[in-house]
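Asks: Take 3 as the starting number for the sequence shown in my numbering and just add one per residue.
Don't be surprised by glycine CBs; every beta carbon is placed ideally from N, CA and C.
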Amino acid sequence: MKKVVGITGGIASGKSTVCKYLISLGYPVIDSDEISRNLSQKKMPIYNVILESFGLEYFLPNLELDREKLGRYIFSNMDARQKLNTITHPIIVEEMKNLIQKSEENLIFLDIPLLFEAKLSYLCDTIVCVYVDKETQIERLMRRDGISREYALSKISSQMSLEEKRNQSDFVIESKPSFKETQENIKKILNKIKGE
Numbered sequence: 003m004k005k006v007v008g009i010t011g012g013i014a015s016g017k018s019t020v021c022k023y024l025i026s027l028g029y030p031v032i033d034s035d036e037i038s039r040n041l042s043q044k045k046m047p048i049y050n051v052i053l054e055s056f057g058l059e060y061f062l063p064n065l066e067l068d069r070e071k072l073g074r075y076i077f078s079n080m081d082a083r084q085k086l087n088t089i090t091h092p093i094i095v096e097e098m099k100n101l102i103q104k105s106e107e108n109l110i111f112l113d114i115p116l117l118f119e120a121k122l123s124y125l126c127d128t129i130v131c132v133y134v135d136k137e138t139q140i141e142r143l144m145r146r147d148g149i150s151r152e153y154a155l156s157k158i159s160s161q162m163s164l165e166e167k168r169n170q171s172d173f174v175i176e177s178k179p180s181f182k183e184t185q186e187n188i189k190k191i192l193n194k195i196k197g198e
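#1: If we ignore side chains and look at the alpha-carbon of each, how far apart do N50 and K44 end up?
#2: So, is K17 buried or exposed, given that buried needs 16 or more other C-beta atoms within 10 angstroms?
#3: In terms of alpha-carbon separation, which member of L27, S55, C21 lies closest to S34?
#4: Using beta-carbon positions only, say whether I89 and I52 come within less than 9 Å of one another.
#5: The beta strand (DSSP E) that contains V31, what's its start and end?
#6: Between which two residues does the alpha helix (DSSP H) holding Y153 run?
#7: Please classify D127: does DSSP put it in a helix, a strand, or coil?
Next up, the structure:
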């Protein structure tokens, strides 16, 4: 019987690092952001709905999606963000369901940053939150994206707080400066999940 584990967290919380480690251990990880990127390519379903809903203003001269411009707009405009999520989430969820169904593995991980915000808990048997304290999250995001503290804070505040996500999850992985500690934490949680 398949067991589906949702991995969530905030932006720059260390979730991608945890998922890469799970992949290195041989586990399948279905990445919602990767699905979104793939389906945002020219003439793909998400590309088409963004073009229809937001117009050419958010596309480059070569008609590729201008991710940075659209990103800045939706992070600063809650209505636009909700509109984008409303039109893209059903397409992404449908693809995730297809991939879960096609998978022959018994333990499948779903990498979904907005798992709680998008009310996708129903896709998962168990939920794991990758947690980091807010100051570390801000510093990581500023360094990773080369952005100001103000913009980093606006990105972080557009998501549910990590405290809330932590409280709603079955397990918590602390994203430590030393990845060795994080690895140990992941292994312990894997053993618990497999033992359930």
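Replies: Let's see:
#1: 8 Å
#2: buried
#3: C21
#4: yes
#5: 31–33
#6: 151–159
#7: coil
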